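Residue numbers (our numbering): 28 to 568.
One structure below.
Spelled out as structure tokens, the structure:
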């Protein structure tokens, strides 16, 4: 604990004034001014801190305070963290918190106003008050590009019916630099969060002194500083090539840079320096049984990013409210015969299975940390290299799975299925009349095969990601499509058989959609961490 020079009480860092304050005597101090030892801290490679460990998840955090927190922010456990004194590596720089706890809570509440299906617990004031200030470790790279370069390019055009390709080589000198290209250095801080919270303004960084940590905790860096060197080089390369393409001689001569032949060495891209920095993040966890979800707020800009589970009850009510006007509208503008209604229902059942499988695949990737480069680098450099070798990852395309992504893919699949249905009905009208049973039955057989393949993939994914078996919807869909094919082949006179087939398919759709909602909540939450996630302090404001 850093003591007040006037009264000996503990100090805290006040975000609004950017000073250290003593709540006992009201004294204010500049972070570097009140103690010569801390003014000289930049000359030391380490400093004394209290390292706290959560007895449930094994995660460790550190602080200058010695007040033991009774709650772990990362695993959500209400427990007393054990503490010990230790020498901790001193960061080079730190961005102090700029967003107060009240502003953080308001930013989060504003985000939650749009999350209409989220559980009510996530809006509870007592829950929101649990935000803790945690400094997350980052590696910040300074990259330079200097000297003589040769950049390959090409121009493609058509003249007099012939296609031409001309190859060029741009030669010249480059003098470019990029400072503060930052990547999180904690394997427990998911890359999806760190990238979504960005950017941070590194021009506001300060030389580190432990006084900034008063009232806050900091996570430790367990990912080596070499992990993101190639990322920083490729980012600098992409930026410089984009500048050449958009404003340089390539732009004037209408020549495209041949990006397939360009790599960081082409522009003499080098890492000049690597700095260990601390970045401010407000952190909150939501635990339900054996899963945990996180909410984070950028401590500099106030940008909020969160795992957002949904309430099945809220979603069901919202769906029913939306379904009523859609049903009335379709009833007014569209009519169909019972056999076609059953066909449409079968297509919808197949669509739900496809969406289901897509979510299960996403869960498997998330549980394996397949898109988290920092985690992979620490545990499997081979898998990390495979991820980096993907072109879209090199240029840091920030892609996170969300409920809107599910809807986007669902609408795309729905469009394709309606196209398939249109072709089916044309075939049925023009050709099916020659043999009214065979063609429709083939269509149903194709649907059944597609359902079996998709359902089998779903079962395999569930075996990989969870011990629970949610296969009722899949089984009902199999059975319903099989019955539908039999009904369509038999072509009964009475419409009741088609309606019963449609009803059975709708039951399968309903159960599968219910599973999709439950699976979605697995997707946006995480298994309880073990020996990697860290906690936080609840006294900072």
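Using N, Cα and C, we set each Cβ at its ideal position, and we do this for glycine too.
All figures in this text were calculated on a predicted structure; none of them were measured in a lab.
For residue 309 and residue 128, I'd like the C-alpha separation in whole angstroms. Here the question's residue 309 lines up with position 282 in the chain shown. Here the question's residue 128 lines up with position 101 in the chain shown. Computed Cα separation, rounded: 8 Å.
Span of the alpha helix (DSSP H), counted from its first residue to its last, around residue 302: By 1-based counting over the chain shown, the position of residue 302 is 275. Per DSSP, residue 302 lies in no alpha helix (DSSP H) segment; the continuous beta strand (DSSP E) that holds it begins and ends at 296 to 315.
Local Cβ density within 10 Å of residue 213, reported as buried at 16 or more and exposed below that: Residue 213 sits at position 186 when you count from the first residue of the chain shown. Buried, by the Cβ-count rule.
Return the CA-CA distance between residue 170 and residue 211, expressed in angstroms with no decimal places. Position 143 of the chain shown, counted from the start, is the residue given in the question as residue 170. Position 184 of the chain shown, counted from the start, is the residue given in the question as residue 211. Our two residues, residue 170 and residue 211, have alpha carbons roughly 17 Å apart in a direct line.
Cβ shell of residue 263 (< 6 Å), same chain only, five flanking positions each side left out: As a working note, residue 263 is residue 236 in the chain shown. Excluding five sequence positions before and after residue 263, the CB atoms of its chain that fall closer than 6 Å to its own CB belong to 170, 205 and 296, given in chain order.
Taking 8 Å as the limit between beta carbons, can you name the residues of its chain near residue 116, skipping five residues before and five after? Position 89 of the chain shown, counted from the start, is the residue given in the question as residue 116. The beta carbon of residue 116 lies closer than 8 Å to those of 72, 73, 248 and 303 in the same chain, with the five residues before and after it left out.
Going by beta-carbon coordinates alone, are residue 544 and residue 376 separated by less than 8 Å? In the chain shown, counting from the first residue as 1, residue 544 sits at position 517. In the chain shown, counting from the first residue as 1, residue 376 sits at position 349. Cβ distance not < 8 Å, so residue 544 and residue 376 don't count as in contact.
On the DSSP bridge list, what partners appear for residue 518? For this step, residue 518 is matched to residue 491 along the chain shown. According to DSSP, residue 518 bridges with nothing at all.
Meets three-Cβ-pair contact criterion under 8 Å: the stretch 152 to 167 and the stretch 181 to 189: The stretch 152 to 167, when compared against the stretch 181 to 189, does not touch it at the 8 Å Cβ threshold.
Measure the alpha-carbon distance for residue 549 versus residue 148 and round it to whole angstroms. Along the chain shown, read from residue 1 onward, the residue named residue 549 stands at position 522. Along the chain shown, read from residue 1 onward, the residue named residue 148 stands at position 121. If you take the alpha carbons of residue 549 and residue 148, they lie about 17 Å apart.
Does DSSP classify residue 234 as helix, strand or coil? Along the chain shown, read from residue 1 onward, the residue named residue 234 stands at position 207. In the structure shown, residue 234 falls within a strand segment according to DSSP collapsed to helix, strand and coil.
Leaving aside the five residues before and after residue 42 along the sequence, list all residues of the same chain whose C-beta is less than 6 Å from its C-beta, in chain order. The residue you call residue 42 lines up with position 15 of the chain shown. Apart from the 5 residues on each side of it in sequence, residue 42 sits with its Cβ closer than 6 Å to the Cβ of 124 and 127 in its chain, given in chain order.
Residue interval of the beta strand (DSSP E) (run including residue 229): Numbered from its first residue, the chain shown carries residue 229 at position 202. Note, residue 229: premise wrong, no beta strand (DSSP E); not H, not E.
Inter-stretch contact (C-beta, 8 Å, three-pair minimum) for the stretch 44 to 63 and the stretch 74 to 83: Counting Cβ pairs under 8 Å, fewer than three are found: no touch.
Taking the beta strand (DSSP E) that residue 331 falls in, what are its first and last residues? The count along the chain shown starts at 1 and reaches residue 331 at position 304. Membership of residue 331 in the beta strand (DSSP E) is indicated by the continuous run 331 to 333.
Across the stretch 501 to 509 and the stretch 522 to 539, are there enough close Cβ pairs to call them in contact, namely three or more that are closer than 8 Å? The stretch 501 to 509 is in contact with the stretch 522 to 539.
Determine which residues share a DSSP beta bridge with residue 282 and list them. Taking the first residue of the chain shown as 1, we reach residue 282 at position 255. Beta-bridge analysis with DSSP links residue 282 to no other residue.
Identity of the residues DSSP links to residue 48 by a beta bridge: Residue 48 sits at position 21 when you count from the first residue of the chain shown. Per DSSP, 39 and 55.
Can you tell me which of the three DSSP states residue 85 falls into? Within the chain shown, the letter at position 58 stands for residue 85. Residue 85 sits in coil when the DSSP states are folded into three classes, being neither helix nor strand.
Spell out a yes or no on whether the stretch 30 to 40 and the stretch 51 to 58 are touching, meaning 3 or more CB-CB pairs, one atom from each, closer than 8 Å. Of all C-beta pairs linking the stretch 30 to 40 to the stretch 51 to 58, three or more are shorter than 8 Å, placing the two stretches in contact.
Quick one, which of 382, 476, 286 and 37 has its alpha-carbon nearest residue 178's? Here residue 178 refers to the residue found at position 151 of the chain shown. Closest by alpha carbon: 286.
Apart from the five residues on each side of it in sequence, which residues of its chain come closer than 7 Å, Cβ to Cβ, to residue 228? Here residue 228 corresponds to residue number 201 of the chain shown, with the count starting at 1. Counting only Cβ-Cβ distances below 7 Å, and skipping sequence neighbours, we find 327.
Have a look at residue 272 and residue 203 and give me their C-alpha separation to the nearest angstrom. Residue mapping note: residue 272 aligns to position 245 of the chain shown, counting from 1. Residue mapping note: residue 203 aligns to position 176 of the chain shown, counting from 1. Answer to the nearest angstrom: the Cα atoms are 15 Å apart.
Helix, strand or coil for residue 198 per DSSP? By 1-based counting over the chain shown, the position of residue 198 is 171. For residue 198, the three-state secondary structure derived from DSSP is strand.
Taking the CB atoms as reference points, tell me whether residue 301 and residue 405 lie closer together than 8 Å. To locate residue 301, count along the chain shown from 1; it is residue 274. To locate residue 405, count along the chain shown from 1; it is residue 378. No. Outside cutoff.
Segment limits, alpha helix (DSSP H) that includes residue 223: Translated into the one-based positions of the chain shown, residue 223 becomes position 196. Run containing residue 223: 218 to 224, per the alpha helix (DSSP H) assignment.
Which of helix, strand or coil DSSP assigns to residue 125: In the chain shown, counting from the first residue as 1, residue 125 sits at position 98. The three-state reading of DSSP puts residue 125 in coil, since its state is none of H, G, I, E or B.
Three-pair Cβ contact test at 8 Å for the stretch 508 to 523 versus the stretch 467 to 484: Short answer: they touch.
Indicate the three-state DSSP secondary structure (helix, strand or coil) for residue 28 in the structure shown. Translated into positions along the chain shown, residue 28 becomes position 1. In the three-state reduction of the DSSP assignment, residue 28 falls in the coil class.
Considering only C-alpha positions, which residue in the set 389, 197, 329 and 46 is nearest to residue 657? No answer is possible for residue 657: the residues shown for the chain start at 28 and end at 568.
Identity of the residues DSSP links to residue 322 by a beta bridge: For this step, residue 322 is matched to residue 295 along the chain shown. 311 and 333.
Look at residue 312 and residue 525 and say whether their C-beta atoms are less than 8 Å apart. Here residue 312 refers to the residue found at position 285 when the chain shown is read from its first residue. Here residue 525 refers to the residue found at position 498 when the chain shown is read from its first residue. No, they are not a contact pair.
Within this structure, are the beta carbons of residue 246 and residue 88 separated by less than 8 Å? Here residue 246 is taken as the residue at index 219 of the chain shown, counted from 1. Here residue 88 is taken as the residue at index 61 of the chain shown, counted from 1. Yes.
Which of helix, strand or coil DSSP assigns to residue 159: The count along the chain shown starts at 1 and reaches residue 159 at position 132. In the structure shown, residue 159 falls within a strand segment according to DSSP collapsed to helix, strand and coil.
Closest by CA to residue 344, which one among 44, 143 and 37? In the chain shown, residue 344 corresponds to position 317, counting from 1. Relative to residue 344, the option among 44, 143 and 37 whose CA is nearest is 143.
Classification of residue 352 by the beta-carbon crowding that lies within 10 angstroms, buried from 16 upward: The residue you call residue 352 lines up with position 325 of the chain shown. Under this definition residue 352 is an exposed residue.
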